[in-house]
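Enquirer: Let me begin by handing over the structure; questions about it come next.
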Amino acid sequence: MSAVHTRECPLPDRLAGNRNFMLLWAAYGVSAVGDHLSEMALLVERQALDGQHATRVQALITFGFFLPFVVIGPLAGWWADRFSRKGTMIGTDLLRAGIMFSLIWTIPWLLARLEPRNLGDYAVVLPLLLTGGLAAFFSPSRQALLPTLIRVDQLVRANAMISALGTIGTIASAVLGGFLVL
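If you want it as structure tokens, here you go:
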């Protein structure tokens, strides 16, 4: 009769002392800032920092980023249940960084094709649709990985920390983006 024993490492009492949670938290913070950092530059590109045009372009940017969460969210949840969550998070972050760094070339290319049809504002939406789609895969992977990194009694605090960091990252990226483009 053989018994299979699994050796479990005790998880830290404090979230701040949990290295894996802190790495996940930091990765999410970088992602949250990175996803929205480009938005100020896109507003400048469309000359939409003031007036009614700013509202339209900002609404398109926000819609473009969050639409994939609604459309492909169920597929992303299915993916997170069946494939490597860590691999998904790393892969989506690298692809999102690639999209953001390529904006300097892709936006002028898209504008050249869409501006003659009076669709120039949509040139800023297309890259954000891709970014939002990748973020839609990152999010359920992060959420599904979280309970494996922390103790059950820490879940509410951990979710609160991650949620707050997402909001702070979005706000910080707008401020930082404003300094970078002005």
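In my numbering, the protein residues as written are -14 to 167.
Cβ coordinates follow ideal geometry from the N, Cα and C atoms, glycine included.
#1: For the alpha helix (DSSP H) containing Asn5, name the first residue and the last one.
#2: Quick one: using the 10 Å Cβ neighbour count with 16 as the cut-off for buried, is Pro101 buried or exposed?
#3: Does Asp35 come out as helix, strand or coil in the three-state DSSP assignment?
#4: Can you tell me the Cα-Cα spacing of Gln32 and Pro132, whole angstroms?
#5: Less than 6 Å between C-beta atoms, sequence neighbours within five positions excluded: which residues of the same chain meet that for Gly154?
#6: Which two residues bound the contiguous alpha helix (DSSP H) that contains Asp78?
#7: Among the residues of its own chain, which have a CB less than 8 Å from the CB of Ile92, if the five just before and after it don't count?
#8: Are the CB atoms of Phe122 and Ala82 nearer to each other than 8 Å?
#9: Buried or exposed for Ser23, going by 16 or more other Cβ atoms inside 10 Å?
#10: Whose C-beta lies closer than 8 Å to the C-beta of Val(-11) among residues of the same chain, with five residues either side of it excluded?
#11: Would you mind working out which of Thr152, Leu150 and Ala143 sits nearest Gly2, comparing C-alpha positions?
#12: Rounded C-beta distance between Ser126 and Met74? I'm assuming under 8 Å.
Expert: A quick look at the data gives this:
#1: Residues Arg4 to Glu30.
#2: Label assigned to Pro101: exposed.
#3: Reduced to three states, the DSSP call for Asp35 is coil.
#4: Here the alpha carbon of Gln32 sits roughly 44 Å from the alpha carbon of Pro132.
#5: Only Gly14, Ala17 and Val18 meet the Cβ criterion.
#6: Counting along the chain, the alpha helix (DSSP H) containing Asp78 begins and ends at Arg70 to Leu99.
#7: Counting only Cβ-Cβ distances below 8 Å, and skipping sequence neighbours, we find Leu27, Glu30, Ala108, Val109 and Pro112.
#8: Not in contact: Phe122 and Ala82 (Cβ atoms no closer than 8 Å).
#9: Per the 10 Å Cβ criterion, buried.
#10: Note that Val(-11) scores 41 on pLDDT, short of 50, meaning its location in the model is unreliable and no value can be drawn from it.
#11: Nearest of Thr152, Leu150 and Ala143 to Gly2, Cα basis: Ala143.
#12: Under the criterion of beta carbons closer than 8 Å, Ser126 and Met74 qualify as touching, at roughly 5 Å.
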